[in-house]
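*Asks:* In my numbering, the protein residues as written are 27 to 298.
Positions of the beta carbon are idealized from the N, C-alpha and C atoms, including for glycine.
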């Protein structure tokens, strides 16, 4: 699968031509270094890396880590307010929740949070892995870990607000795509938020971008331990792989690496 970003344009001018068979940049004293030479130098090296990578790996191959997990989960629909205050669903992301901090009888790990959706009418929802006990409609849930023990977040479970769902997760790892070895963060998507009979293709959405200092100030020159806005420095090229889903009938394969497939709640394809 080809990547789209064109570097042979203003201001990068990467006019590397593979047919010229250049293998090194040979800089000479007394001659100015061109920006395009520095950019082309990276392309020469990247070409060597991608030739080896293409020989060993296919696009979408796991290089290190990146374990894939398909699992049944439980969902909890959360009321919008608690004790007269609005509930911020993001406060529950990656948290442990309990029914009582002192003597919990119910405990679960939150693996995914969803904001309410005004289009579909879906409420604020947590997808969780139960640890012990079972949360039921009307229960109060409380975040509980070392960082929130003194300032926990609270919420009430809605009426008819519990049930089962399915998720697909990927752990931190490195994947090969388009000649690059790309770091992937741990991510989770819902195969089916409110049932265990969902159908979907699961994979990575490929997104290319050029990052400038205006969106990431760490690219500024750190002169004298402070960011120097008079020296913005070079831009950065970035590829992100975002775990996402497609319908079983989708033909979207241009920037989508399929790694698994679920049909009627059953895992039918799994590329680990």
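Excluding five sequence neighbours on each side, which residues of the same chain lie with their C-beta closer than 7 Å to the C-beta of residue 40?
*Replies:* Within the chain shown, numbered from 1, the residue matching residue 40 stands at position 14. Apart from sequence neighbours up to five positions away, the residues of its chain that approach residue 40 with a beta-carbon distance below 7 Å are 33, 34, 62, 65, 66 and 69, ordered along the chain.
*Asks:* I'd like to know whether the C-beta atoms of residue 223 and residue 164 end up nearer to each other than 8 Å.
*Replies:* Along the chain shown, one-based indexing puts residue 223 at 197. Along the chain shown, one-based indexing puts residue 164 at 138. Cβ distance not < 8 Å, so residue 223 and residue 164 don't count as in contact.
*Asks:* Below 8 Å on the Cβ atoms is my contact criterion, and I expect residue 134 with residue 123 to pass it. Report the Cβ-Cβ distance as a whole number of Å.
*Replies:* For this step, residue 134 is matched to residue 108 along the chain shown. For this step, residue 123 is matched to residue 97 along the chain shown. Contact flag correct, Cβ pair sits at about 5 Å.
*Asks:* At 3 residues or longer, what runs of the beta strand (DSSP E) sit wholly inside the stretch 195-279?
*Replies:* Taking only runs of at least 3 residues, the beta strand (DSSP E) segments lying wholly in the stretch 195-279 are 199-203, 206-210, 213-218, 226-237, 247-249, 252-254 and 262-272.
*Asks:* Does residue 116 come out as helix, strand or coil in the three-state DSSP assignment?
*Replies:* Within the chain shown, numbered from 1, the residue matching residue 116 stands at position 90. Of the three classes helix, strand and coil, the one that applies to residue 116 here is helix, per DSSP.
*Asks:* Suppose you measure from the CA of residue 228 to the CA of residue 88; what does that come to, to the nearest Å?
*Replies:* Against the chain shown, residue 228 aligns to sequence position 202. Against the chain shown, residue 88 aligns to sequence position 62. If I take the Cα positions, the gap works out to 15 Å.
*Asks:* Specify, as a first and last residue, the run of the beta strand (DSSP E) that residue 100 falls within.
*Replies:* For the purposes of this step, residue 100 is taken as residue 74 along the chain shown, with counting starting at 1. Here the beta strand (DSSP E) through residue 100 covers 94-104.
*Asks:* So, helix, strand or coil for residue 186, using DSSP?
*Replies:* Taking the first residue of the chain shown as position 1, residue 186 is located at position 160. Strand at residue 186.
*Asks:* If you check the beta carbons only, do residue 29 and residue 102 fall under 8 Å apart?
*Replies:* Numbered from its first residue, the chain shown carries residue 29 at position 3. Numbered from its first residue, the chain shown carries residue 102 at position 76. Against a cut-off of 8 Å, the Cβ pair of residue 102 and residue 29 comes out as no contact.
*Asks:* Just how far apart, CA to CA, sit residue 276 and residue 265?
*Replies:* Here the question's residue 276 lines up with position 250 in the chain shown. Here the question's residue 265 lines up with position 239 in the chain shown. Looking at the two C-alpha atoms, the distance is approximately 23 Å.
*Asks:* Out of 274, 294, 297 and 232, point me to the one whose CA is closest to residue 280's CA.
*Replies:* As a working mapping, residue 280 is identified with position 254 in the chain shown. Closest by alpha carbon: 232.
*Asks:* Helix, strand or coil for residue 143, going by three-state DSSP, please let me know.
*Replies:* As a position in the chain shown, residue 143 is number 117, starting the count at 1. Looking at residue 143 - three-state DSSP - the assignment turns out to be strand.
*Asks:* Judging by CA-CA distance, which residue of 166, 192 and 60 is the nearest neighbour of residue 38?
*Replies:* For this step, residue 38 is matched to residue 12 along the chain shown. For residue 38, the nearest C-alpha among the options comes from 60.
*Asks:* Considering only C-alpha positions, which residue in the set 230, 257 and 235 is nearest to residue 243?
*Replies:* For the purposes of this step, residue 243 is taken as the residue at position 217 of the chain shown. Closest by alpha carbon: 257.
*Asks:* Going by the DSSP bridge assignment, what does residue 43 pair with across the sheet?
*Replies:* Position 17 of the chain shown, counted from the start, is the residue given in the question as residue 43. Residue pairing by DSSP places residue 43 opposite no residue, since no beta bridge is assigned to it.
*Asks:* Assign residue 271 to one of two classes, buried (16 or more other C-beta atoms within 10 Å of its C-beta) or exposed (fewer than that).
*Replies:* Residue 271 sits at position 245 when you count from the first residue of the chain shown. By the neighbour-count rule (16 or more Cβ atoms within 10 Å), residue 271 is buried.
*Asks:* Do residue 180 and residue 127 have their beta-carbon atoms positioned less than 8 Å apart in this structure?
*Replies:* Locating residue 127 in the chain shown gives position 101, counting from the first residue. Locating residue 180 in the chain shown gives position 154, counting from the first residue. In this structure, residue 180 does not lie closer than 8 Å to residue 127 by Cβ.
*Asks:* Check this for me: beta carbons of residue 193 and residue 97, under 8 Å apart or not?
*Replies:* Here residue 193 refers to the residue found at position 167 of the chain shown. Here residue 97 refers to the residue found at position 71 of the chain shown. Using a Cβ distance threshold of 8 Å, residue 193 and residue 97 count as a contacting pair.
*Asks:* Return the first residue and the last residue of the beta strand (DSSP E) that residue 283 is part of.
*Replies:* On the chain shown, residue 283 is found 257 positions in, with the first residue counted as 1. 282-289 is the extent of the beta strand (DSSP E) around residue 283.
*Asks:* Beta-carbon within less than 8 Å of residue 104's beta-carbon, same chain only, minus the 5 sequence neighbours each way: which residues are those?
*Replies:* Indexing the chain shown from 1 puts residue 104 at position 78. 113, 115, 118, 149, 150, 151, 152, 167, 181, 182, 183, 184 and 187, listed in sequence order.
*Asks:* For residue 138, count neighbouring Cβ atoms within 10 angstroms of its own Cβ and tell me buried if that reaches 16, exposed if not.
*Replies:* Stepping through the chain shown from its first residue, residue 138 is reached at position 112. Counting Cβ neighbours within 10 Å, residue 138 comes out buried, since at least 16 surround it.
*Asks:* Is the separation between the beta-carbon of residue 205 and that of residue 75 shorter than 8 Å?
*Replies:* Residue 205 sits at position 179 when you count from the first residue of the chain shown. Residue 75 sits at position 49 when you count from the first residue of the chain shown. Going by C-beta atoms, residue 205 is nearer than 8 Å to residue 75.
*Asks:* Determine the closest residue to residue 140 out of 226, 120 and 50, with distance taken between C-alpha atoms.
*Replies:* Looking up residue 140 in the chain shown gives position 114. For the residues 226, 120 and 50, the minimum Cα distance to residue 140 belongs to 120.
*Asks:* If you run the structure through DSSP and keep just helix, strand and coil, what is residue 64?
*Replies:* Residue numbering aside, residue 64 sits at position 38 when the chain shown is read from its first letter. Helix at residue 64.
*Asks:* Which word fits residue 79, buried or exposed, when buried means at least 16 other C-beta atoms lie within 10 angstroms of its C-beta?
*Replies:* Within the chain shown, residue 79 is the residue found at index 53, counting from 1. With 16 or more other Cβ atoms within 10 Å, it is buried.
*Asks:* Using alpha carbons as the reference points, say which of 262, 219 and 100 lies closest to residue 146.
*Replies:* Translated into positions along the chain shown, residue 146 becomes position 120. Minimum Cα distance to residue 146 is reached at 219.
*Asks:* By Cβ distance below 8 Å, which residues in the same chain neighbour residue 162 in space, the five residues on each side in sequence not counted?
*Replies:* Taking the first residue of the chain shown as position 1, residue 162 is located at position 136. The residues are 183 and 188.
*Asks:* Roughly how many whole angstroms lie between the Cα atoms of residue 288 and residue 273?
*Replies:* The residue labelled residue 288 in the question sits at position 262 within the chain shown. The residue labelled residue 273 in the question sits at position 247 within the chain shown. When rounded, the distance between both Cα atoms is 10 Å.
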